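Residue numbers (this note's numbering): 83 to 338.
Glycine residues also receive a C-beta, built at the ideal position from the N, C-alpha and C atoms.
Remember, predicted model here, so these are calculated numbers, not experimental data.
Working notes for the structure below.
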Ligand SMILES: NC(=O)c1ccc[n+]([C@@H]2O[C@H](COP(=O)([O-])OP(=O)(O)OC[C@H]3O[C@@H](n4cnc5c(N)ncnc54)[C@H](OP(=O)(O)O)[C@@H]3O)[C@@H](O)[C@H]2O)c1
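Now the structure itself:
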């Protein structure tokens, strides 16, 4: 796996896991482009890391993604690595009829439909690269569903299956497909969802990026740091047991 002198695009790179991956790719002499919805957040990152390239772009908007693709062709002449990282997590009680339906659909739009949209518009560039890689950031919850975040769990397992399905197809076009399935990581997403658990210490994003980098370098296709690997194994060995362990409190107390 070529790990330097590549042009890398990371959606949702202005914080958390996306930013830690951006820093890792920059350390190794890659050209790194990040996107996000909030321009002020992107500009703050740019002020701290002047070499990073920023574009305000919402992954759910077709026009934004098409414009981003045009800008990247113009400014960088192409793309080698596309990282579908942008994502959100809502805690939802499906037994509550006052839930905001649109908010749930938007979660599907960001977490699942948008990686498909990104690949669609960036495919011509990836096909032209000699070292093309598509990296999808799903979640350890793709292996074992988490009742407190039912829509999120559904989107991440859908992303996991889509990733597996397209891998042999894109191989025919010399595009490698990698999936990063993070455990609970210390980011705004985990903090907002109040995923703190006395038994589970969130992984620092920098540590996640270190693990990713080593496994990515070795050419691993499914990268499962920390507890994600336990979820992967347990979902096969004892699916009922691990489901119960993860879902002792199925109703969220911190509903958004
Ligand atoms: N943290 C965890 O415990 C954990 C565990 C497993 C998997 N993951 C996955 O890791 C990925 C990154 O999450 P994180 O924890 O790093 O969260 P985070 O710190 O909240 O970062 C999310 C990033 O996505 C961007 N974003 C959100 N919606 C977007 C949209 N519509 N268009 C473009 N950018 C958008 C955000 O910027 P703006 O708000 O400015 O758009 C931000 O840069 C997600 O896919 C998440 O599901 C996280």
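Residue 99 and residue 259 have their C-alpha atoms some 19 angstroms from each other. If you draw a straight line from the Cα of residue 334 to the Cα of residue 228, it comes to about 11 angstroms. Of the residues assessed, residue 105 falls on the buried side of the cut-off, its CB having 16 or more other CB atoms within 10 angstroms. The alpha helix (DSSP H) runs of length 4 or more contained entirely in the segment 134–181 are, from start to end of the chain, 144–158. If one requires a minimum length of 3 residues, the beta strand (DSSP E) runs lying completely within the segment 208–235 are 215–219, in chain order. Residue range 183–190 is occupied by the alpha helix (DSSP H) that includes residue 189. With three or more CB-CB distances shorter than 8 angstroms, the segment 260–269 counts as touching the segment 284–291. Residue 200 has its alpha-carbon roughly 11 angstroms from the corresponding atom of residue 145.
With respect to residue 306, residue 318 sits apart: the two C-beta atoms are not nearer than 8 angstroms. Runs of the beta strand (DSSP E) lying entirely within the segment 228–276 and spanning at least 3 residues, in chain order: 258–262.
Contact between the segment 158–173 and the segment 124–131 is not established, with fewer than three Cβ pairs separated by less than 8 angstroms.
In the three-state reduction of the DSSP assignment, residue 299 falls in the helix class, which pools H, G and I. Residue environment analysis places residue 173 among the buried positions, since at least 16 neighbouring C-beta atoms fall within 10 angstroms of its C-beta. Annotation for residue 229 indicates a beta carbon at 7 angstroms or more from all heavy atoms of ligand 1. Taken in chain order, the complete beta strand (DSSP E) segments of 3 residues or longer contained in the segment 83–130 are 89–92, 113–118. Taking non-hydrogen atoms of ligand 1 into account, the C-beta of residue 236 is found less than 7 angstroms away from none of them.
Non-local beta-carbon contacts of residue 291 in its own chain, meaning distances under 6 angstroms to residues more than five positions away in sequence, involve 102, 103, 106 in chain order.
Annotated as distal: residue 163 and residue 219, with beta-carbon spacing of 8 angstroms or more.
Following the DSSP letters along the chain, one finds residue 326 inside the alpha helix (DSSP H) bounded by residues 321–328. Minimum Cα-Cα distance from residue 268 among the listed residues 87, 97, 154 corresponds to 97.
Taking 8 angstroms as the cut-off, the beta carbon of residue 161 is found closer than this to the beta carbon of residue 204. Residue pairing of residue 305 in beta bridges, as defined by DSSP: 262. With contacts defined by Cβ atoms closer than 8 angstroms, residue 150 and residue 113 do not form a contacting pair.
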